[in-house]
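Report on the following structure.
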C-alpha cells in the first residue's frame, strides 16, 4: 500500500510544467492565480449546497445534491493539482484525481437523467399561487359544507333519537315475545316427551292383550276351524292377519319411541364391525335375495353402538324388502371424510327405487309409497334411522331412481381425538 502511494506521489520521472514550454513569468502567475481562484470557488459552491442540504432535510432528491458536491469538489482538486504541478510534477496523482472526477461526473450525469423530467414537471410560482387560491376557495366551500353538515347531523341526531326510542320499545316487545315463545317451546317439549312416553307405554301395554287375541284366534283355528263354514274361516283368517299386522305396527311404534328417547353411551366404533353384525342379523333374508354387498373399508366413528347398528339393519332390511323381482340384490357402501369433523356414509342399492319427489316423505312415520299387498311393513324403518342420526347431530338424505335403485347418504361424528 505504501509502495503504491509512493509511486503515485513520485514526481522524479517528470519535469515541472514551466520547463515544458515557453512559459513566461506573467503566464505562470496568471495560470496559478486562476486555478487557485477556481479551486476556492469550487470549494465554496459545495459548502453552499451542504448548507442547503442540512437546513432543508425535506428537499427532494437529496442524493443528487451530494453527487453534485462530490463532483464539484473533484473538479476543484484538479485545478489545485494543476497549481502544484508547476512546482512539483505529480502527474500520476493529477491523473488519478482526473479519473475520480470523470467517475463522479458520469455518476452525476446518470443520476440526473431520471430526475430531469421531475424537475421539468415542477410547477411554476404562478401555478403554485393559483393552486393556493384554489385551495382557499375549496376551504371556504368546505367550511360552508361543514356548517351545513352540522345542521343536518343535528337533524339526523334528533331523528335517530326518536328511532332509538321506538327501537327500544320494539326490543322490549320482542323480549316479551321471546319469553312467551320459550314458554311455548318448553310446553311443546314437555308435551312431546309425554307423547313419546305415552307411545312407549301404550305400545308396550298393548302387546299383552294382542298376544291373547292372537293366541285365542290360533286356538279357535285349531279346535273349531274344521267346523267353521267358509265365511267364518275368512273372518278368522282376517282377524289373525289383522292381529299380526297390529303386532308389527306396535313393535315399530315401540322401536320409534326407543329411537327418540334412547340415551345410549357413545364410543369410538369401527363401522366395519357394526356392518358385519347387522349383516348377521338379516343373513337369511340377504341369502334369499342373493345379495352381494360391496363395502369399502369404513372408518371409525364416535357413536352409540346399538343405535348405529339399527341404522344399518333398517337400511339392509329396506333393500331386501324393496328389491326388484328376479334381479340379484346389489348393495354398495362407502364413506369419506367431509373435513368438518364428520364422516359421510353412502349406501346404495339396485332395488325398485322411487320418484325423487318422495325423497322427504319416506322419512315420515307410517308413510308408505306402496300398498301392504305389494310390500309388507309399516313405513317406520327409515323414520327410526333419521331419529337416530339426528340424535348424533347428523343428517340423512335419499336419492331415488325408479327401476334402478336408491342412494342414502348420512353423516356421523368422527372419532374423538385423544386428550
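In the working numbering, the protein residues as written are 41 to 459. Yeah, the Cβ is synthetic: ideal placement off N, Cα and C, and Gly gets one too. Quick caveat, the model's predicted, so the values are computed rather than measured.
**Any 3 or more C-beta pairs closer than 8 Å across the segment 112 to 120 and the segment 132 to 141** = Between the segment 112 to 120 and the segment 132 to 141, the count of C-beta pairs closer than 8 Å reaches three or more; the two stretches touch.
**Request:** With a cut-off of 8 Å on the beta carbons, I'd call residue 341 and residue 454 a contact; round off their distance for me.
**Result:** The residue given as residue 341 occupies position 301 in the chain shown. The residue given as residue 454 occupies position 414 in the chain shown. Contact between residue 341 and residue 454 holds, with the beta-carbon distance rounding to 6 Å and staying under 8 Å.
**Request:** Would you mind working out which of 429, 356, 78 and 446 sits nearest residue 398, comparing C-alpha positions?
**Result:** Position 358 of the chain shown holds residue 398. Answer by Cα proximity: 446.
**Item:** Selection from 87, 391, 154 and 351 that minimises the alpha carbon distance to residue 366
**Value:** For the purposes of this step, residue 366 is taken as residue 326 along the chain shown, with counting starting at 1. Considering only alpha carbons, the answer is 391.
**Asked** Do residue 402 and residue 347 have their C-beta atoms within less than 8 Å of each other?
**Response** By one-based count along the chain shown, residue 402 stands at place 362. By one-based count along the chain shown, residue 347 stands at place 307. Contact: no.
**Message:** In the DSSP output, what is residue 334 paired with across the bridge?
**Reply:** Here residue 334 is taken as the residue at index 294 of the chain shown, counted from 1. Residue 334 is bridged by DSSP to 372.
**Asked** Is the segment 362 to 378 touching the segment 322 to 330, taking contact as three or more C-beta pairs under 8 Å?
**Response** yes
**Message:** Within a Cβ cutoff of 7 Å, which residues of the same chain sit near residue 350, ignoring the five residues on either side of it in sequence?
**Reply:** In the chain shown, residue 350 corresponds to position 310, counting from 1. If we look at residue 350 and ignore the five residues flanking it on each side, its Cβ neighbours are 424 and 428.
**Asked** Are the beta-carbon atoms belonging to residue 452 and residue 314 less than 8 Å from one another?
**Response** Within the chain shown, the letter at position 412 stands for residue 452. Within the chain shown, the letter at position 274 stands for residue 314. No, these two residues do not count as a Cβ contact at 8 Å.
**Prompt:** Can you pull the DSSP bridge partners for residue 453?
**Reply:** For the purposes of this step, residue 453 is taken as the residue at position 413 of the chain shown. According to DSSP, residue 453 bridges with 382.
**Prompt:** Does the beta-carbon distance from residue 148 to residue 108 come in below 8 Å?
**Reply:** Along the chain shown, one-based indexing puts residue 148 at 108. Along the chain shown, one-based indexing puts residue 108 at 68. It is a contact, given that the beta carbons lie within the stated cut-off.
**Item:** Three-state secondary structure assigned by DSSP to residue 441
**Value:** Counted from its first residue, the chain shown places residue 441 at position 401. Of the three classes helix, strand and coil, the one that applies to residue 441 here is strand, per DSSP.
**Within 8 Å, strictly: CB atoms of residue 450 and residue 434** = Here residue 450 corresponds to residue number 410 of the chain shown, with the count starting at 1. Here residue 434 corresponds to residue number 394 of the chain shown, with the count starting at 1. Yes, Cβ-Cβ distance for residue 450 and residue 434 is below 8 Å.
**Request:** Consult DSSP for residue 307 and reduce its assignment to one of helix, strand or coil.
**Result:** Counted from its first residue, the chain shown places residue 307 at position 267. If DSSP states are grouped into helix, strand and coil, residue 307 belongs with the strands.
**Message:** Bridge partners for residue 342 per DSSP, in chain order?
**Reply:** Locating residue 342 in the chain shown gives position 302, counting from the first residue. According to DSSP, which records beta bridges pairwise, residue 342 is partnered with 308.
**Item:** Three-state secondary structure (DSSP) of residue 329
**Value:** Looking up residue 329 in the chain shown gives position 289. Here residue 329 sits in coil by DSSP.
**Request:** Have a look at residue 226 and residue 333 and give me their C-alpha separation to the nearest angstrom.
**Result:** The residue you call residue 226 lines up with position 186 of the chain shown. The residue you call residue 333 lines up with position 293 of the chain shown. Answer to the nearest angstrom: the Cα atoms are 45 Å apart.
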